[in-house]
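Each residue of the sequence shown is one higher than the one before, counting from 4 in this note's numbering.
A virtual CB, placed ideally from N, CA and C, is assigned to each residue, including glycine.
Have a look at the structure below before the remarks.
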Amino acid sequence: MRPLLATSFLLVSCFEFNNVSTAADFLLADQAAWPGQILAIRGDRLEPIWQRGQSSDERLVSKIQSLTPAPDGGLIFCSGLDRSVMQWNNGGESELHYGGSVVRQVRTDTNGDVYWSGLETPLDSNPLPDGYIHRRHHATGQVETLLTFSQELVEKDWWGAFDVRQGIVYVATLRAPSKLYRIENSIPKLLVTLPIPVSAFRLGSSNSVLASDGVGKLYRFADLSRPEEFEVIWSGRQPIVDFTPQPQAAKF
Numbered sequence: 004m005r006p007l008l009a010t011s012f013l014l015v016s017c018f019e020f021n022n023v024s025t026a027a028d029f030l031l032a033d034q035a036a037w038p039g040q041i042l043a044i045r046g047d048r049l050e051p052i053w054q055r056g057q058s059s060d061e062r063l064v065s066k067i068q069s070l071t072p073a074p075d076g077g078l079i080f081c082s083g084l085d086r087s088v089m090q091w092n093n094g095g096e097s098e099l100h101y102g103g104s105v106v107r108q109v110r111t112d113t114n115g116d117v118y119w120s121g122l123e124t125p126l127d128s129n130p131l132p133d134g135y136i137h138r139r140h141h142a143t144g145q146v147e148t149l150l151t152f153s154q155e156l157v158e159k160d161w162w163g164a165f166d167v168r169q170g171i172v173y174v175a176t177l178r179a180p181s182k183l184y185r186i187e188n189s190i191p192k193l194l195v196t197l198p199i200p201v202s203a204f205r206l207g208s209s210n211s212v213l214a215s216d217g218v219g220k221l222y223r224f225a226d227l228s229r230p231e232e233f234e235v236i237w238s239g240r241q242p243i244v245d246f247t248p249q250p251q252a253a254k255f
């Protein structure tokens with residue numbers, strides 16, 4: 004298996020997909036593989052381009068559920084099943100942060116701050132617990148719990164899908180139709196209803212969104228004022244639970 008190149012992930016200004024035209028411009032995670040893999044689209048199939056090694060640390064679950072560019076190169080990822088935020092660089096992984104809730108999804112803001120969603124697994128068919136968004140300041144490394152919000156405010160169906168843009172957090176519920184909310188003063192404000200389930204999404208400029216359905220498709224919503232008009236930019240048999248843009252110049 005060919006290693007990833009660290010220089011492939013140096014993002015200079017902000018993590019946009021304004022120039023992304025095809026699903027091949029993304030790296031993907033399916034959360035199912037053990038050890039976890041980072042995937043790329045190669046023609047009409049998905050190709051593993053990096054695989055986690057087996058860890059002797061009993062705290063770590065060797066899967067990949069979510070991934071995002073690291074501000075200084077490489078990738079940040081999580082398994083979705085433990086409390087660690089991991090960083091990949093130079094072909095290896097290290098722990099960026101441990102503690103708090105089970106880490107479900109990771110994102111990077113335009114200023115380099117790293118965010119992740121936290122959500123415990125409910126027991127004995129109990130309802131989903133409240134959700135958390137944590138932030139690690141790029142300049143200082145300080146970690147804080149940025150906000151908490153009740154599942155009651157998002158129709159009891161949030162499993163960690165979120166994105167962040169200039170410090171503003173957006174979350175999406177899981178099952179179709181998915182509700183996309185903007186968080187204002189810790190209160191979710193409904194932004195749009197999407198006619199698909201949403202396992203992950205990425206905000207774009209000009210009122211656009213890319214989303215995965217957790218089954219095998221990537222969607223482009225070019226205008227959120229018309230969510231019924233969308234394009235499927237990738238469809239495959241392998242479930243995709245998260246995706247992250249990569250630079251046009253990336254080579255593997």
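Nearest-angstrom Cβ-Cβ length linking residue i and residue j, presumed shorter than 8 Å
i, j, result
"residue 64", "residue 84", "4 Å"
"residue 238", "residue 219", "6 Å"
"residue 67", "residue 48", "Actually they do not touch by this definition, with Cβ atoms about 18 Å apart."
"residue 118", "residue 137", "7 Å"
"residue 28", "residue 249", "6 Å"
"residue 73", "residue 92", "7 Å"
"residue 157", "residue 174", "7 Å"
C-beta atoms of residue i and residue j nearer than 8 Å
i, j, result
"residue 197", "residue 214", "yes"
"residue 120", "residue 135", "yes"
"residue 183", "residue 161", "no"
"residue 126", "residue 105", "no"
"residue 216", "residue 200", "yes"
"residue 151", "residue 133", "yes"
"residue 231", "residue 223", "no"
"residue 221", "residue 43", "no"
CA nearest to the CA of residue i, picked from the options
i, options, result
"residue 247", "108, 61 and 93", "108"
"residue 242", "29, 33 and 28", "33"
"residue 69", "183, 75 and 80", "80"
"residue 144", "58, 235 and 98", "98"
"residue 236", "147, 46, 168 and 178", "46"
"residue 75", "212, 140, 28 and 30", "140"
"residue 102", "142, 234, 233 and 88", "88"
"residue 185", "94, 41 and 166", "166"
"residue 96", "60, 110, 187 and 116", "60"
"residue 30", "240, 71 and 163", "71"
"residue 171", "159, 156 and 190", "190"
"residue 57", "43, 36 and 44", "36"
"residue 179", "209, 50 and 195", "195"
"residue 82", "211, 209 and 38", "38"
"residue 142", "112, 176, 204 and 211", "112"
"residue 210", "43, 53 and 228", "228"
"residue 62", "86, 53, 40 and 51", "86"
"residue 244", "155, 208 and 204", "204"
"residue 256", "128, 110, 52 and 240", "No statement about residue 256 is possible, as the shown extent of the chain runs from 4 to 255 and does not include it."
"residue 90", "51, 114 and 41", "41"
"residue 129", "212, 115, 159 and 114", "159"
"residue 181", "240, 187 and 212", "212"
Element boundaries [beta strand (DSSP E), containing residue i]
i, result
"residue 96", "95-101"
"residue 186", "181-187"
"residue 141", "Run containing residue 141: none; DSSP gives neither H nor E here."
"residue 176", "Per DSSP, residue 176 belongs to no beta strand (DSSP E) and is neither H nor E."
"residue 92", "87-92"
"residue 215", "212-215"
"residue 191", "190-197"
"residue 243", "No beta strand (DSSP E) holds residue 243; DSSP gives it neither H nor E."
"residue 256", "Outside the shown range of the chain, which is 4 to 255, sits residue 256, and nothing can be said about it."
"residue 108", "106-111"
"residue 69", "69-72"
"residue 204", "203-206"
"residue 119", "117-121"
"residue 169", "Where residue 169 is concerned, there is no enclosing beta strand (DSSP E), given that its DSSP letter is neither H nor E."
"residue 32", "29-32"
"residue 158", "Neither: residue 158 is in no beta strand (DSSP E) and is coded neither H nor E."
"residue 249", "Careful: residue 249 lies outside any beta strand (DSSP E) and carries neither H nor E."
"residue 221", "220-224"
"residue 237", "234-238"
Cutoff 8 Å: residue i Cβ touching any chain E Cβ
i, result
"residue 72", "The chain inventory of the structure shown lacks chain E, comprising one protein chain alone."
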